[in-house]
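What follows is a short report on a single structure.
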Ligand SMILES: [Zn+2]
């Protein structure tokens with residue numbers, strides 16, 4: 241709970257002015273309002289998402305795609321597998337964009353009680369979530385390793401940095 245810098249009055253959450261003395265309250269950056277999620281929690285949430293997606297997507301994608309690869313050049317396991325994995329990436333991108341754009345949390349993040357927030361304090365939206373999910377769905381190793389090297393203080397993946405988002409512990 242914040243206190244007024246001028247008079248020490250206990251301020252209500254999200255107050256812009258002190259109700260006691262009227263002093264302006266400086267906006268609080270999200271990284272000090274929230275506690276950053278640990279990489280361990282984020283990686284665990286990622287694997288929960290991947291397992292859920294895998295259980296749903298791989299059977300569906302297989303049913304739809306394998307007949308097509310059969311028509312193209314006879315039954316080809318390698319084509320079939322690449323098509324299924326390609327489609328899985330697209331599905332996981334749409335899944336993360338929707339869940340994190342609308343709820344700020346994928347199912348894995350809900351399980352780990354963490355969420356995505358915008359660093360400017362505004363609510364999450366679909367475009368921000370799409371940018372943030374792009375790296376995770378298609379370029380994860382680069383996205384993650386560059387984030388570790390470039391943005392260790394805020395624990396951002398490269399695409400968290402580009403979309404100006406942070407992953408934080410969700411308070412209840
Ligand atoms: Zn005051």
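In my numbering, the protein residues as written are 241 to 412. For each residue, glycine too, the CB sits at the ideal point set by N, CA and C.
Residue from the options with nearest C-alpha to residue i
{"i": "residue 369", "options": "377, 264 and 340", "result": "340"}
{"i": "residue 300", "options": "308, 324, 397 and 319", "result": "324"}
{"i": "residue 407", "options": "273, 308, 317 and 389", "result": "273"}
{"i": "residue 275", "options": "402, 395, 404 and 401", "result": "395"}
{"i": "residue 247", "options": "261, 402 and 280", "result": "261"}
{"i": "residue 280", "options": "384, 401 and 405", "result": "384"}
{"i": "residue 364", "options": "259, 371, 342 and 267", "result": "342"}
{"i": "residue 336", "options": "317, 308 and 285", "result": "285"}
{"i": "residue 267", "options": "393, 379, 360 and 405", "result": "360"}
Rounded separation between residue i and residue j - CA only
{"i": "residue 252", "j": "residue 263", "result": "13 Å"}
{"i": "residue 330", "j": "residue 314", "result": "25 Å"}
{"i": "residue 349", "j": "residue 355", "result": "6 Å"}
{"i": "residue 391", "j": "residue 333", "result": "23 Å"}
{"i": "residue 245", "j": "residue 401", "result": "31 Å"}
{"i": "residue 344", "j": "residue 389", "result": "25 Å"}
{"i": "residue 277", "j": "residue 367", "result": "22 Å"}
{"i": "residue 358", "j": "residue 382", "result": "22 Å"}
{"i": "residue 290", "j": "residue 307", "result": "25 Å"}
Beta-carbon proximity check, residue i vs residue j, cutoff 7 Å
{"i": "residue 410", "j": "residue 362", "result": "no"}
{"i": "residue 374", "j": "residue 399", "result": "yes"}
{"i": "residue 377", "j": "residue 288", "result": "no"}
{"i": "residue 297", "j": "residue 328", "result": "yes"}
{"i": "residue 371", "j": "residue 403", "result": "yes"}
Cut-off 8 Å between Cβ atoms - residues of its own chain near residue i, not counting five sequence neighbours on either side
{"i": "residue 257", "result": "263, 264 and 265"}
{"i": "residue 413", "result": "Summary: the structure shown does not reach residue 413, with the chain confined to residues 241 through 412, and so no result is reported for it."}
{"i": "residue 311", "result": "none"}
{"i": "residue 292", "result": "347 and 348"}
Three-state secondary structure assigned by DSSP to residue i
{"i": "residue 355", "result": "strand"}
{"i": "residue 408", "result": "strand"}
{"i": "residue 274", "result": "coil"}
{"i": "residue 250", "result": "strand"}
Beta-carbon proximity list for residue i, same chain, < 6 Å, skipping 5 on both sides
{"i": "residue 217", "result": "With the chain covering 241 to 412 only, the question about residue 217 has no answer from this structure."}
{"i": "residue 282", "result": "407"}
Cβ shell of residue i (< 7 Å), same chain only, five flanking positions each side left out
{"i": "residue 305", "result": "320, 323, 324 and 327"}
Cβ-heavy atom distance, residue i to ligand 3, below 6 Å
{"i": "residue 263", "result": "What this structure holds is ligand 1, not ligand 3."}
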